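The numbering used here applies: residue 263 is where the sequence shown begins, and numbers increase by one.
Think of the CB as a built atom: it goes at the ideal place given N, C-alpha and C, for glycine as much as any other residue.
Given the structure is predicted, the values throughout are model-derived calculations rather than measurements.
Report on one structure; see the data block that follows.
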Amino acid sequence: MVDVLVTGGAGFIGSNFVHYALDAHPDWRVTTLDKLTYAGRRENLQDLDGHPRHRFVRGDVADPAVASPLVQGAEVVVHFAAETHVDRSLMSAGEFIHTDVHGTFVLLDAAREAPRLRCFVQISTDEVYGSVPEGASRETDELRPRNPYAASKAGADRLAYSYWASYRVPVVITRASNNYGPRQYPEKSIPLFITNAIDERPLPLYGDGLNVRDWLHVDDHCRALDLLIERGRSGETYNIGGGNDVANLDLTHRILHLLDRPASLIEPVADRPGHDRRYCLDTAKLRTLGWEPQTAFEIGLGATVDWYAKNERWWRPIKEGSEAYRAYYDRQYARRG
Ligand code: NAD
Ligand code: DAU
């Protein structure tokens, strides 16, 4: 059995990865370590309760008493756990430094004493490159993070590299573009816009709506990570991008069209401070290992819209039952229109 530790496995990408990994690898035994913040949902892994090769541990990656023994028992660590929402980092960055930077340090330090560890995947992000007006970011490009979330991830990204350079911890760093798919918390644009459109509520579009993101289906992301665990070279960084560069306005129209809702639901609101105009990744390095995205954007977006339409049980309690969500929403959007 291969012992795999997944941090942040109750979140969006982490929960998709845990399910993917248990299906794809009958010889993997997966431990999920997750603090269950507002974004971590125990129900994302509920169907795995009693699974013989999965165990859930609630805890903070920044707490060495919980996290270090788990790292030291693992052969593979996939470190997703993070505070992830740019808008929240602009309200208050403390938790981002705690988890994304200090939490990563705690795990890396434990990894120095992990006798069986063969791969530590540091999940970074394309946001570390900053805004890319033209062309595509390559792994060797300078990092120019421009918001507190991106800066905390850039710190963790380089910290991970330093543990390879200094101590030969077998780190592989990945920088993925914007993910979409099932179980994404409805504060991020795609699930927020889908669920608002279902309820015929306004879709708050920042600025002129012409900022561009490169959308990657979460299943394609999971396959890339799987490949990199096997074939990624320690100390190396790999971009993972979907190749679907879409302006937010275009994306919003597509969502409304899929749900047969009118364009009048689009509500232009004040822009995000420091809003990166465009991200775009050069994925040639990963493609040389044999990966390419398999999900066409129209198909993946349609399936994602269907998932939210059929799984109101999942998102309605968050949007309507959670005081914290409503408080966040009011603070974020009330005075923006
Ligand atoms: P998410 O917000 O949905 O999930 C984050 C998870 O981490 C949650 O389950 C949360 O409970 C857990 N967590 C937070 N702080 C923790 C702590 N201190 N200790 C233990 N667990 C903690 O995030 P996501 O969108 O699934 O992103 C996962 C990773 O992928 C992050 O590292 C993020 O930076 C990176 N990433 C995300 C995207 C994207 O588009 N979503 C793109 C590129 C990279
Ligand atoms: O690029 C990778 C990053 O993608 C990840 O590292 C982050 O964890 C993830 O949150 C995501 O960051 P973004 O800021 O790009 O995602 P978000 O869904 O918040 O926004 C996508 C675009 O939509 C962005 O240009 C801002 C815009 N937007 C977002 C929201 C929430 C709006 O116009 N209105 C909104 O209400």
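ASP322 burial status per 10 Å Cβ neighbour count (16 or more: buried): buried
Based on DSSP bridge pairs, tell me the residues matched to HIS341. THR269 and GLN384
Run through DSSP, which three-state label would VAL363 get? helix
Would you identify the three-state DSSP class for LEU527, choosing helix, strand or coil? helix
Considering only residues of the same chain and omitting the five flanking positions on each side of LEU548, which have a CB-CB separation below 7 angstroms? ALA486, TYR500, ASN501 and ILE502
Whose C-alpha, out of GLU449, ALA418, ALA413 and CYS542, is nearest the C-alpha of ALA509? CYS542
Please name the residue in TYR423, ARG320, TYR411 and ALA589 whose C-alpha comes closest to that of PHE367. TYR423
Does the distance between the C-beta of PHE559 and the nearest non-hydrogen atom of the ligand NAD fall short of 7 angstroms? no
Only counting the same chain, and skipping five residues up and downstream in sequence, which positions put a Cβ closer than 6 angstroms to that of LYS449? Per the sequence shown, the amino acid found at residue 449 is Glu instead of Lys. Here the set comprises HIS347.
Report the rounded CA-to-CA distance for GLY497 versus ASN458, giving the unit in angstroms. 42 angstroms
For SER428 and VAL434, I'd like the C-alpha separation in whole angstroms. 14 angstroms
Considering only heavy atoms of the ligand NAD, does any lie closer than 7 angstroms to the CB of VAL474? no
Mapping DSSP to helix, strand and coil, what is SER414? helix
8 angstroms Cβ cutoff met for GLN384 and ASP482: no
To the nearest angstrom, how far is it from the Cα of PRO395 to the Cα of ARG540? 6 angstroms
If you draw a straight line from the C-alpha of ALA373 to the C-alpha of ASN573, how long is it? 38 angstroms
Touching or not, the stretch 404-412 and the stretch 267-282, by the rule of three or more beta carbon pairs under 8 angstroms? no
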